[in-house]
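**Q** Quick note: the sequence shown uses the working numbering, first residue 1, plus one each step. One structure follows; several queries about it will come next.
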Amino acid sequence: RNALLQQTRRKMSAPFIGPGGSEQDKSAERRQKLLARQKLLARKKNKKANAGKSPLVRATNLRPGNSPTSFASPRQGSTAFSFGEAGSTGTPRSVASAMSPGRPTENGGISTPIKKREGKMTNTTEVEKNLASMGISATYDPNPKKEAPETKKSTGLSMSEFKGTKDRMKFLTSALPPGVKLMCNVKRVNSGTFSPPIYECYILEGQKEVFAMASRKRPKNRTSNYILSMDKEDLSNKDSPNFLGKLRSNTMGTSFVVYDNGASVKDMTAKGMSLQMRKELANICYEPNLLYNRGPRVMTVTVPAVKGNGVHHQFKDSINGNGNILKAAAKNGDKNVVVLRNKKPKWNEQMRAYCLNFHGRVTKASVKNFQLSDDVEGDSVMLQFGKVGQDAFTMDFTHPLSPVQAFGICISSFDNKKIVD
């Protein structure tokens, strides 16, 4: 082969002028033919050297880097991993080239067969061992397998265990124990063209959804008024044993109050003092945004604190009062209330949007998404709500909130707010 190449070079070095062109054109043509012949010989040599080896999936290119574990992407569509010593230099090599049996590798190791699979011997190198120890595959798979979705763990609280109405109501109106997180799904069901939608809350128990409560806006009211009930077919009767409470807003939609199933001041005056006075469960305030230039919503939620026996402090309406007792107590520095504020989303230049970390529980952008915490600078989140589909949402909450409080706060984000957004 070498003699043939030398003879060809000698022929090319001799001047030649033919009828078909100049000497320069003929020399260029001879060079192209020589290069083509050299490439053909190289391919035949590689084919003969690789004869008998088992075919491999496309391997990642290993490039020496400046650190023992440096990663680079040399071209689009491929991923390269570099595992070399500091300051090392050399030419790129592939995993497939380092897997020839009995041949020394570039890092001083010798590849040895370790296992037999389907009648073919599989070899390994020190580089592959390093890859396996770090959880990285030595072969490139253009269609990687998707990881299975994380199984939702049970919180130990089972709604299906409560069969009676009183037991279910006690569970829904009681604060969660410390350290327990309840995960729920909220579905918006359109009931008709001229009817307000129904919001249904389901508690996740493993892979199952257990219905907990529902809510719907009452028509023909001066302000927004939502009924909370344990029966999604009975959302209009406040005298029903399934009635949990209600959510009421002011005229501008900037303040909301969640009440239990007690009687209002008006009903107490009209029907006598035999009825039980209603209690405030939560007060939600949205900061006005008249010019719509303040970015995302800003909300403050005030809820009663939990006593040592696990029961919320009671804040009842007074006969001559105007409501908003929790808000007034928070202004006066009452220690029997807990003030929660939403975490401010951070602007992401790459996405050109405000972003919050919902840890995979929220997947759609929406103005309704929020996280409440008593320490907005910390990592703790007491209530998280966000959108995952066209009419699907998630609701996760912890102590000191009860399911009714959390559901009422989330329902307030659905209501129209004239001067908020």
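No residue lacks a Cβ here, since even glycine has one placed at the ideal position from N, Cα and C. In this text the structure is predicted, and so the values were computed from the model without any measurement.
1. Can you tell me which of PHE243, ALA36 and PHE370 puts its alpha carbon nearest to the alpha carbon of PRO345?
2. Just verifying my parser: in three-state terms, what is the DSSP assignment at ARG10?
3. Rounded to the nearest angstrom, what separates GLY253 and ALA132 at their Cα positions?
4. What ranges does the alpha helix (DSSP H) occupy inside the stretch 367-409, keeping only unbroken runs of at least 4 residues that lie completely in it?
5. Can you give me the Cβ contacts of ALA328 inside the same chain, cut-off strictly under 6 Å, excluding the 5 residues immediately before and after it?
6. Going by DSSP in three states, ILE425 sits in which element: helix, strand or coil?
7. Any idea which residues DSSP pairs HIS312 with across the strands?
8. Would you give the residue range spanned by the alpha helix (DSSP H) that MET169 belongs to?
9. Have a look at ARG31, LYS266 and VAL303 and flag the residue whose alpha-carbon is nearest the alpha-carbon of ASN283.
10. Could you tell me the boundaries of the alpha helix (DSSP H) in which LEU281 lies?
11. What residues in its chain sit with their C-beta under 6 Å from that of SER100, if we drop five residues either side in the sequence?
12. For the stretch 217-285, list the alpha helix (DSSP H) runs that are entirely contained and at least 4 residues long, ordered along the chain.
13. For ASN261 and GLY386, what's the separation of their Cα atoms in angstroms?
14. Is DSSP giving LYS343 helix, strand or coil here?
15. Please report how far the alpha carbon of THR165 lies from the alpha carbon of GLY295, in whole angstroms.
16. In three-state terms, what does DSSP make of LEU204?
17. DSSP three-state call for GLU349: helix, strand or coil?
18. Under the DSSP definition of a beta bridge, which residues are partnered with ALA214?
19. Label VAL420 either buried or exposed according to how many other C-beta atoms from any shown protein chain fall within 10 Å of its C-beta, with 16 as the threshold for buried.
20. Is DSSP giving LYS335 helix, strand or coil here?
21. Can you give me the C-alpha to C-alpha distance between ARG216 and LEU228, rounded to a whole angstrom?
22. Output needed for CYS201: all residues of its chain with C-beta closer than 6 Å, excluding positions within five of it in sequence on either side, in chain order.
23. State the DSSP-derived secondary structure class of ARG434, mapped to helix, strand or coil.
24. Between the C-alpha atoms of VAL362 and VAL388, what's the straight-line distance to the nearest angstrom?
25. Check for me: the beta strand (DSSP E) holding VAL189 runs from which residue to which?
**A** So, to answer that:
1. As a position in the sequence shown, residue 345 is number 345, starting the count at 1. Of the listed residues, the one whose Cα sits closest to PRO345 is PHE370.
2. Residue 10 sits at position 10 when you count from the first residue of the sequence shown. Three-state DSSP puts ARG10 in a helix.
3. Looking up residue 253 in the sequence shown gives position 253. Looking up residue 132 in the sequence shown gives position 132. Each residue's Cα considered, the two are about 58 Å apart.
4. none
5. In the sequence shown, counting from the first residue as 1, residue 328 sits at position 328. None.
6. Here the chain has residues from 1 to 421 only, and residue 425 is not among them.
7. Position 312 of the sequence shown, counting from 1, holds the residue named residue 312. Paired residue(s): VAL306.
8. Numbered from its first residue, the sequence shown carries residue 169 at position 169. Looking at the DSSP string, the run of the alpha helix (DSSP H) that includes MET169 is 165-173.
9. Numbered from its first residue, the sequence shown carries residue 283 at position 283. Checked all of ARG31, LYS266 and VAL303; the closest Cα to ASN283 is VAL303.
10. Indexing the sequence shown from 1 puts residue 281 at position 281. Element bounds for LEU281: not the alpha helix (DSSP H) but the beta strand (DSSP E), 280-286.
11. Against the sequence shown, residue 100 aligns to sequence position 100. Per-residue confidence for SER100 stands at a pLDDT of 37, beneath the threshold of 50, marking its modelled position as unreliable; no derived number is given.
12. 265-271
13. Here the question's residue 261 lines up with position 261 in the sequence shown. Here the question's residue 386 lines up with position 386 in the sequence shown. Cα to Cα, ASN261 sits roughly 27 Å from GLY386.
14. The count along the sequence shown starts at 1 and reaches residue 343 at position 343. LYS343 falls in the coil class under three-state DSSP.
15. Counting from one through the sequence shown, the residue named residue 165 turns up at place 165. Counting from one through the sequence shown, the residue named residue 295 turns up at place 295. Their backbone Cα atoms lie some 43 Å apart in a straight line.
16. Within the sequence shown, numbered from 1, the residue matching residue 204 stands at position 204. Three-state DSSP puts LEU204 in a strand.
17. Locating residue 349 in the sequence shown gives position 349, where the first residue counts as 1. Correct three-state label for GLU349: coil.
18. Taking the first residue of the sequence shown as 1, we reach residue 214 at position 214. The partner list for ALA214 (beta bridge, DSSP) reads GLU200 and SER229.
19. Within the sequence shown, residue 420 is the residue found at index 420, counting from 1. Looking at its Cβ environment, which holds 16 or more other Cβ atoms inside 10 Å, VAL420 is buried.
20. The residue labelled residue 335 in the question sits at position 335 within the sequence shown. LYS335: coil per DSSP, three-state reduction.
21. Mapped onto the sequence shown, residue 216 falls at position 216. Mapped onto the sequence shown, residue 228 falls at position 228. Rounded to the nearest angstrom, the two C-alpha atoms are 7 Å apart.
22. Here the question's residue 201 lines up with position 201 in the sequence shown. So the list reads CYS184, VAL186, ALA212, MET213 and PHE407, once near-sequence residues are dropped.
23. Residue 434 is absent from the structure shown; the chain starts at 1 and stops at 421.
24. By 1-based counting over the sequence shown, the position of residue 362 is 362. By 1-based counting over the sequence shown, the position of residue 388 is 388. Answer to the nearest angstrom: the Cα atoms are 5 Å apart.
25. Along the sequence shown, read from residue 1 onward, the residue named residue 189 stands at position 189. VAL189 -> beta strand (DSSP E) spans 181-189.
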